[in-house]
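Visitor: Structure provided below as structure tokens; questions to follow.
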Ligand SMILES: NC(=O)c1ccc[n+]([C@@H]2O[C@H](COP(=O)([O-])OP(=O)(O)OC[C@H]3O[C@@H](n4cnc5c(N)ncnc54)[C@H](OP(=O)(O)O)[C@@H]3O)[C@@H](O)[C@H]2O)c1
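In structure tokens:
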């Protein structure tokens with residue numbers, strides 16, 4: 074029997090150009106560091122350009138390739154401009170991690186959710202990804218294909234009484250992920266999403282501030298007994314963006330310590 078698995082020790086994402094949104098902190102920043110360590114040229118995007126520049130400098134200091142771009146997910150022209158800048162910088166795009174998102178400002182239930190929260194959740198957490206995915210896919214197609222990973226949430230999988238608008242838009246993102254996967258498969262573009270459970274980032278800190286005790290109660294309810302670390306979420310995105318996941322598309326992958334089981 075022949076073993077056709079290549080055992081050359083190269084990074085999981087070696088040679089790939091990958092765009093990461095929401096790269097200024099949390100899961101996105103962890104993804105930048107991991108993808109670069111796995112050999113990708115990374116393009117970081119968010120509003121917080123100071124943090125982006127700091128992280129990009131850190132990658133370059135260790136010999137990697139990183140560029141930081143200002144992005145406002147609420148502004149369609151800003152999203153298209155970022156993808157245009159990736160084309161100018163690299164001439165291609167192999168992977169996109171659509172990860173940036175706004176927290177819901179006022180916690181539920183649904184009847185107290187403000188119109189502002191509904192609009193912001195739609196604009197930043199859903200419409201932005203729709204626009205980004207189309208721009209990314211167009212650039213990927215011009216070079217034979219690529220892979221897209223969207224960050225959804227465990228809150229998309231079932232009722233989300235504390236974060237009704239957030240949960241609804243994340244579930245809509247799952248639908249768009251599956252639809253794009255089916256539509257774009259023939260063009261060589263794989264599209265998947267991850268649904269992180271509670272993860273130790275500023276987003277959870279905001280929730281803890283609004284409802285003290287949330288962190289401890291959430292950790293206690295997770296079968297693995299703790300919150301996820303940003304790096305643990307990024308690991309799954311890295312695999313989905315890599316050629317090792319070549320037969321995976323249209324999947325909504327839980328990364329939640331068993332919380333959704
Ligand atoms: N933490 C959790 O427990 C958890 C659980 C499930 C899913 N998630 C999802 O995981 C992803 C990352 O969340 P996180 O926990 O890392 O959150 P975070 O620490 O709050 O980071 C959010 C990122 O999104 C960016 N962002 C927010 N609004 C933006 C806008 N209008 N334009 C451009 N960028 C914007 C932020 O950058 P700037 O502010 O610099 O723009 C930041 O880089 C999100 O999609 C979130 O919904 C998180």
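Residue numbers (the working numbering): 74 to 334.
C-beta atoms are modelled at their ideal positions from N, C-alpha and C, and glycine is treated no differently.
1. Measuring alpha carbon to alpha carbon, tell me which of 324, 91, 100, 293 ends up nearest residue 111.
2. Could you give the uninterrupted runs of the beta strand (DSSP E) lying entirely in the region 215–265, keeping only those of 3 residues or more?
3. CB of residue 99 to nearest heavy atom of ligand 1: below 7 Å?
4. Assuming residue 268 and residue 333 are in contact, meaning their beta carbons sit under 8 Å apart, how far apart are those beta carbons, in whole angstroms?
5. Taking residue 125 as part of the alpha helix (DSSP H), name the residues at either end of that continuous run.
6. Out of 312, 314, 203, 98, point me to the one whose CA is closest to residue 246's CA.
7. Three or more C-beta pairs closer than 8 Å, one from the region 258–265 and one from the region 211–223: is that the case here?
8. Output the distance between the C-alpha atoms of residue 328 and residue 229, rounded to the nearest integer angstrom.
9. Can you look up residue 117 in the DSSP assignment and give me helix, strand or coil?
10. If residue 96 and residue 118 are in contact, beta carbons under 8 Å, what's the gap, nearest whole angstrom?
11. I'd like to confirm something about residue 197: is its beta-carbon nearer than 7 Å to some heavy atom of ligand 2, or not?
12. Less than 7 Å between the CB of residue 144 and some heavy atom of ligand 1, yes or no?
13. Should residue 303 go down as buried or exposed, given a rule of 16 or more other Cβ atoms within 10 Å for buried?
14. Return the CA-CA distance between residue 231 and residue 178, expressed in angstroms with no decimal places.
15. Comparing the CB of residue 206 with every heavy atom of ligand 1, is any distance shorter than 7 Å?
Guide: On the basis of the coordinates in this document:
1. 91
2. The region 215–265 contains these whole beta strand (DSSP E) runs: 219–224.
3. yes
4. Indeed, because the Cβ distance is near 7 Å, the residues count as touching under 8 Å.
5. 122–134
6. 203
7. Segment contact: the region 258–265 against the region 211–223, three or more CB-CB distances shorter than 8 Å; contact assigned.
8. 13 Å
9. strand
10. Right, the Cβ-Cβ distance comes to about 6 Å (below 8 Å), so this counts as a contact.
11. Ligands in the displayed structure: ligand 1; ligand 2 is not one of them.
12. yes
13. Around the CB of residue 303, 16 or more other CB atoms lie within 10 Å, so the residue is classed as buried.
14. 20 Å
15. no
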